[in-house]
Amino acid sequence: MGRHFLQIPGPTNCPEQVLRAIAAPTIDHRGPEFAALGTRLLEKIKPVFGTTNPVVIYPASGTGAWEAALVNTLSRGQKVLAFETGHFATLWQKMALELGLEVDLVPGDWRHGVDTAVLAERLAADTGHEIAAVCCVHNETSTGVTSRIADVRAALDAAEHPALLLVDTISSLGSIDYRHDEWGVDVTVAGSQKGLMLPPGLSFNAVSDKALAAYETADLPRSFWDWKPILEANTRGMWPYTPATNLLYGLEVALDMLAEEGMEQVFARHQRWSRATRAAVEAWGLEVLCLDEREHSGSLTAVVVPDGVDADAVRATILERFDMSLGAGLGKLAGKIFRIGHLGHFEDLSLIGTLGGVQLGLGLAGVPVKPEGLQAALDVLERG
Ligand SMILES: *Cc1c(COP(=O)(O)O)cnc(C)c1O
-11 MGRHFLQIPG
-1 PTNCPEQVLR
9 AIAAPTIDHR
19 GPEFAALGTR
29 LLEKIKPVFG
39 TTNPVVIYPA
49 SGTGAWEAAL
59 VNTLSRGQKV
69 LAFETGHFAT
79 LWQKMALELG
89 LEVDLVPGDW
99 RHGVDTAVLA
109 ERLAADTGHE
119 IAAVCCVHNE
129 TSTGVTSRIA
139 DVRAALDAAE
149 HPALLLVDTI
159 SSLGSIDYRH
169 DEWGVDVTVA
179 GSQKGLMLPP
189 GLSFNAVSDK
199 ALAAYETADL
209 PRSFWDWKPI
219 LEANTRGMWP
229 YTPATNLLYG
239 LEVALDMLAE
249 EGMEQVFARH
259 QRWSRATRAA
269 VEAWGLEVLC
279 LDEREHSGSL
289 TAVVVPDGVD
299 ADAVRATILE
309 RFDMSLGAGL
319 GKLAGKIFRI
329 GHLGHFEDLS
339 LIGTLGGVQL
349 GLGLAGVPVK
359 PEGLQAALDV
369 LERG
């Protein structure tokens, strides 16, 4: 009885209005009604990225938009600089390798964001400008660490380095402050199923003028992901193939909700939930994975379980006893952490329920935690 608590950091819960919009009958994607929808959406999507440039929308998961960012801007054998901030950064660089790029992956401890000091060193050493692109994951969903993209931009500018800046915002867009134009990002990659409060199935590339110029000479094979035919059809509100019509209905509702609330307020409430969650974790006597005060994620919190405890057993107990799904530790963090998603369609009482379930579940799973955790979160929420 009651509702399932889906508190993984994506896919997230969808607002009723979004689900109702998606349930409407599918229309002709080559007809005038669709063209009007497409035209509206392609404008309404821009402010969420902080851009006035085009945003390409794919009927695909976020992984597709990763590939699109690479194949539309880069050529075989070109060098890419990437940072091992966690599982998703590692997967993106693996894809770059598979596509025939040469990747310099800066090792990381999965507890910090992009190290801009190392970035500055690599850029300074690259006097021949061989690095064609710098790839960063804005919000590492596997660790709950948010990299400071404005500082990445500053390092590129200070080095007067012409590399493209490609950024994955799949779990930050619509929940953590992000500015495609202001931060000089060339391709921003995003997905529908996290901060945008939609089911999985849409992904995005926001594209700068510099990225469009790089497109002209990029020679990696591309077909489905090719920007040009999409951008051309988009001028008429259309797609070159069947778009995910019903998800686009939902996207319009979600974008209207975000616009009505205002992005500043959207970012502020996610930060507040993040602070409340950290307060609980610390009062329980557990550790947050992220080690840098400036990098705590607004969309999720990764919690380290004590040595000898299997985090997956804790999650299994919580699922069985309270019907709540929490995020697993990914890659080398498997069994060592669990992740609490506080993004998407969410509110204070859901956070309180989530943290209450985690507190009780930890106890049931034999992890001794101080019961003051939940109260510490309530105190943060009360202060506003
Ligand atoms: C979820 C996620 C992905 C993968 O996206 P899919 O939609 O599963 O393909 C990539 N990067 C980050 C940061 C993510 O959170």
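When we follow the numbering used here, the leftmost residue of the sequence shown carries the number -11, and every step to the right adds one. Ideal Cβ positions, reconstructed from N, Cα and C, are used throughout, including at glycine.
Measuring alpha carbon to alpha carbon, tell me which residue in L366, H333, G162 and A353 is nearest F(-7). H333
Runs of alpha helix (DSSP H) wholly within the segment 220 to 249 (minimum 4 residues, chain order): 233 to 249
For K216, three-class secondary structure by DSSP: helix
Separation of P3 from E248, as counted between CA atoms: 15 angstroms
Would you say Q(-5) touches ligand 1, meaning its beta carbon is less than 8 angstroms from a heavy atom? no
Quick check on this structure: which residue in P150, K320 and P35 has the alpha carbon closest to the alpha carbon of L69? P150
So what's F(-7) in DSSP terms, helix, strand or just coil? strand
Just to confirm, are H75 and C278 a CB contact at a threshold of 9 angstroms? no
For L279, does the three-state DSSP call read helix, strand or coil? coil
Looking at ligand 1, does it come within less than 8 angstroms of I158, judged from the CB to the closest heavy atom? yes
Which of the three DSSP states is assigned to T51 in this structure? helix
Three CB pairs or more closer than 8 angstroms across the segment 169 to 182 and the segment 51 to 68: yes
Can you tell me whether DSSP reads H330 as helix, strand or coil? coil
What separation, rounded to the nearest whole angstrom, lies between the Cα atoms of E335 and A256? 13 angstroms
To the nearest angstrom, report how far apart L243 and S285 are at their CA atoms. 22 angstroms
Chain-order list of residues whose beta-carbon lies under 7 angstroms from that of T40 (same chain, five-residue window excluded): K34 and D169
Where does the unbroken alpha helix (DSSP H) through Y203 begin, and where does it stop? D197 to T205
Candidates G238, S63 and V195: closest to I218 by CA position: V195
I want to know whether the segment 264 to 278 touches the segment 347 to 366 - three or more CB-CB distances under 8 angstroms. yes
Does the distance from the C-beta atom of V6 to that of M185 stay below 9 angstroms? yes
Going by beta carbon distance, what residues of the same chain come within less than 6 angstroms of L318, once the five residues before and after it are set aside? H75 and S130
Kindly list the residues whose CB is nearer than 6 angstroms to the CB of L343, restricted to its own chain and excluding five residues on each side of it in sequence; keep chain order. A268, L362 and A365
Which whole runs of the beta strand (DSSP E) in the segment 1 to 50 are 3 residues long or more, in chain order? 43 to 46
Mind checking H117: buried by the 16 CB within 10 Å criterion, or exposed? exposed
So does T78 have its beta carbon nearer than 8 angstroms to some heavy atom of ligand 1? no
Tell me L184's beta-bridge partners as DSSP assigns them. Per DSSP, none; premise fails for L184.
Could you give the DSSP three-state label for E128: helix, strand or coil? strand
Output the distance between the C-alpha atoms of A23 and L152, rounded to the nearest integer angstrom. 32 angstroms
Measuring straight from C-alpha to C-alpha, what distance separates P228 and L339? 42 angstroms
On the three-state DSSP scale, how would you describe T73? coil
If you follow the beta strand (DSSP E) that E90 is in, where does it begin and where does it stop? E90 to V94
Under the three-state DSSP convention, the category V302 falls into: helix
Beta-carbon separation of G162 and L246 under 9 angstroms? yes
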